[in-house]
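Following this note's numbering, the numbering of the sequence shown begins with -14 at its first residue and continues without gaps.
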Amino acid sequence: TLPGGPLGVELDGVTFGYTRREPVLDGVSLTVAPGETLALVGPPQSPDIVIYPTGAGQQRPLPLGDLLPRCGRFFPDSRRLLVGAETKGQRIRLYLTDVDGSKPRPVTPEGFPLPVISPDGTRFLSRGPDDKTWIFSVQGGEPTVVPEIAAADTVVGWTSEGRGLFVQRGVTTPARVDRFDFATRRF
């Protein structure tokens, strides 16, 4: 008997394929918390993202037209997705799409890969080709740079209220993560 409510999923070293000679997953380990949604991006030639529910339901492809997906992140509402994708002859950029299959629309210039989405889903940030961290509004408008974040820094996530960022400062062992506050512009 399973407990009521959403369940988590944990994979440890899973290999899976439709044939024994061509694994689709090879040695995959991941954890999906209860209530989270997972999207797996196919191989470079794959034009789709497949959405796998963590509860009841069927997997379903999310067609992306001529885009070649490289990465993706769900918004907190689990109804929208930011996809890092390329088209022939162009570098990666971020596209916004709904999980209902609406046509993806570009939301960044070329050269912006994996996003970090704010807790309220109104903003996201990404490192640009200039090695600067840029914040974009989902509604559009001009992005803003966060000059205090150095090229060697990595944004780990937003604070829960969205008024700051958690930033790994440089490459150190052990990793040092500081909180950056937008109001004071200080770590």
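Just so you know, even glycine gets a beta-carbon here, dropped at the ideal spot from N, CA and C. All values derive from a computational prediction rather than experimental measurement.
Item                                                                                                       : Value
Those residues which DSSP pairs with ALA70 across a bridge                                                 : PRO54 and ARG78
VAL101 - partner residues in DSSP beta bridges                                                             : LEU110
Residues bridged to GLU(-5) (per DSSP)                                                                     : THR16
ILE120 versus VAL92 - alpha carbon distance                                                                : 11 Å
Proximal residues to GLY147 (C-beta, below 6 Å), its chain only, five neighbours per side dropped          : SER103, PRO104 and ASP105
Assigned secondary structure, PHE121 (DSSP; H/G/I helix, E/B strand, else coil)                            : strand
Proximity of LEU99 and GLY69 at Cβ, strictly below 8 Å                                                     : yes
Of the residues LEU52, VAL35 and ASP51, the one placed nearest ARG45, counting alpha carbons only          : VAL35
Residue environment, GLY57, which counts as buried when at least 16 other CB atoms sit within 10 Å         : buried
Selected residue, minimal CA-CA separation from ALA41, among LEU15, PRO54, VAL(-6) and PRO61               : VAL(-6)
Run of the beta strand (DSSP E) containing GLN151, from where it starts to where it stops                  : The question names Gln, yet the displayed sequence has Phe at residue 151. Looking at the DSSP string, the run of the beta strand (DSSP E) that includes PHE151 is 149 to 153.
Of the residues TYR37, PHE60, PHE151 and GLY96, the one placed nearest ILE134, counting alpha carbons only : PHE151
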